[in-house]
Amino acid sequence: MEKVLITGPLIGDSVNKLNDHFKVEYYKDEVMNQEAFAHAVKEAWGIITMTSLRVDQHVIDSAQGLKVISNLGVGCDNIDVACAKSRGIIVTNTPDILSASTAEMGVGLLLAASRCIIEGDRIMRAGEFSGWKVDLLLGSELNGKTLGILGCGRIGQTIARIAMGFEMEVLYRNRNRLTHELESRLRLTSVDFDRLVDQSDFLIITAPLNEESHHLFDLKTFERMKSSAILVNIGRGPVIKESDLVIALERNLIAGVALDVLESPPNMAAQLKKHPNVTLTPHLGSATTEARIAMSELVIDAVIDVYEGRIPNHLVT
Ligand code: DGY
């Protein structure tokens with residue numbers, strides 16, 4: 059029997075579907091570390107990968123029998139897809155089913171940051187609340203403001219739909235412009251990056267990580283942003299240059315930031331932890347039971363599809 063390596067826990071019992079066809083090596087308690095992964099992958103026919111594991115050329119070269127890399131997540135920046143393709147290895151991911159949960163997380167962070175919800179919670183727990191005060195943790199309303207969305211795929215579009223409820227003006231920047239029909243249905247305006255940065259009161263990053271987006275938010279970008287702006291990152295950490303973000307916050311170039319993703323997880327610049335205008339969450343974008351069950355099913359089904367000679371639903375090309 060061929061070996062399928064599942065590099066971390068999945069939700070639900072879809073793993074059992076593999077037992078008839080494969081010898082399954084399942085890390086069901088914790089995601090493997092890179093070293094253990096690099097070792098175990100050598101004998102694998104298929105792997106189910108987690109975002110935190112790097113599948114680079116070295117890993118791919120060492121896995122001579124590898125046929126499929128089924129990634130739990132939509133972002134595949136952890137995988138050298140070009141290299142996998144050149145070796146005839148199929149790469150799949152889990153889009154669509156996580157759009158609602160990731161978009162809701164983005165809007166949640168927008169609200170948390172704009173209304174100082176986490177700081178308010180901290181004050182209550184620390185016993186620092188001494189009674190109602192007219193200027194305690196003044197936030198800013200989303201209602202009627204301009205929201206910028208960087209990367210307007212399915213997650214960005216879902217955010218735009220939610221933003222309609224706040225009567226926001228929504229600008230977006232996407233590699234490919236959306237259709238007129240979609241733009242008018244979601245009341246979206248396509249703009250270039252400079253206008254997105256200059257005009258947004260709130261800016262959400264959902265863009266994938268690639269050469270174009272790497273460190274797109276550096277000091278030069280922060281200098282262009284409104285000093286009242288709030289930035290939310292639910293895409294990939296390295297889209298923001300973290301050291302420049304620290305400088306931007308120190309200089310009050312922007313009003314606040316909410317990060318669900320870090321440049322070099324799980325590490326982060328120490329200053330970020332201390333800053334009251336920084337909201338931090340541990341990569342929870344798709345972390346709902348609904349999304350994670352569906353993602354777990356998709357990664358298993360993709361492996362079975364390849365094994366049975368079908369084209370999986372979500373090929374990464
Ligand atoms: C994704 O799908 O890319 C999420 O960030 C989970 O890794």
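Sequential numbering of the sequence shown, starting at 59, is according to the numbering used here.
Beta carbons: idealized from backbone N, C-alpha and C, even for Gly.
Applying the criterion that 16 or more other CB atoms from any shown protein chain within 10 Å of the CB defines a buried residue, is residue i buried or exposed?
{"i": "ILE207", "result": "buried"}
{"i": "THR375", "result": "exposed"}
{"i": "TRP190", "result": "exposed"}
{"i": "PHE397", "result": "It is not possible to answer for residue 397, since the shown part of the chain is limited to 59 through 375."}
{"i": "MET108", "result": "buried"}
{"i": "MET163", "result": "buried"}
{"i": "HIS372", "result": "buried"}
For residue i, collect the residues of the same chain with a Cβ closer than 7 Å to its Cβ; drop the 5 residues on either side in sequence, then sort them by chain order.
{"i": "ILE298", "result": "PHE275, ASN291 and GLU321"}
{"i": "HIS225", "result": "Per the sequence shown, residue 225 should be read as Glu rather than His. Hits under 7 Å: ASN201 and GLY202."}
{"i": "CYS174", "result": "LEU195 and GLY197"}
{"i": "PRO296", "result": "LEU267, HIS272, HIS273 and GLU321"}
{"i": "ASP302", "result": "ASP276, LEU277 and PHE280"}
{"i": "ALA121", "result": "VAL99, LYS100 and ALA102"}
By alpha-carbon positions, which one of the options ends up nearest to residue i?
{"i": "ILE312", "options": "THR150, ASN77, ILE358 and SER286", "result": "SER286"}
{"i": "ILE106", "options": "ASN136, ASP78 and HIS116", "result": "ASN136"}
{"i": "ILE118", "options": "SER344, SER301, SER110 and GLY104", "result": "GLY104"}
{"i": "GLY123", "options": "MET59, ASN74, SER72 and LEU330", "result": "MET59"}
{"i": "ASP71", "options": "LYS86, GLU186, LEU277 and THR150", "result": "LYS86"}
{"i": "ALA305", "options": "HIS238, TYR84 and ALA328", "result": "Looking at the sequence itself, residue 305 is Ile, so the reference to Ala does not match. For the residues HIS238, TYR84 and ALA328, the minimum Cα distance to ILE305 belongs to ALA328."}
{"i": "TYR365", "options": "SER128, ALA349 and GLU308", "result": "SER128"}
Name the one or two DSSP bridge partners that residue i has.
{"i": "LEU289", "result": "LEU261 and VAL315"}
{"i": "VAL165", "result": "Beta-bridge pairing links VAL165 to no other residue."}
{"i": "THR65", "result": "BP columns for THR65 are empty, so no partner."}
{"i": "MET108", "result": "LEU130"}
{"i": "VAL406", "result": "Nothing about residue 406 can be read from this structure; the chain reaches only from 59 to 375."}
{"i": "ILE148", "result": "VAL126"}
Near residue i, which residues of its chain fall below 6 Å by C-beta distance, leaving aside the five closest residues on each side in sequence?
{"i": "LEU254", "result": "GLY206, LEU229 and ARG231"}
{"i": "LEU330", "result": "VAL336"}
{"i": "GLY214", "result": "ILE207 and THR264"}
{"i": "GLY314", "result": "ALA171, ILE288 and ASN335"}
Among the residues of its own chain, which have a CB less than 8 Å from the CB of residue i, if the five just before and after it don't count?
{"i": "ALA221", "result": "VAL165, LEU200, LEU205 and VAL228"}
{"i": "SER258", "result": "THR204, LEU205, GLY206, LEU229, MET283, LYS284 and ALA287"}
{"i": "CYS210", "result": "ALA218, TYR230, ARG231, ASN232, LEU236, LEU246 and THR264"}
**Prompt:** Touch check for the segment 151-163 and the segment 346-356: three-plus C-beta pairs under 8 Å?
**Reply:** yes
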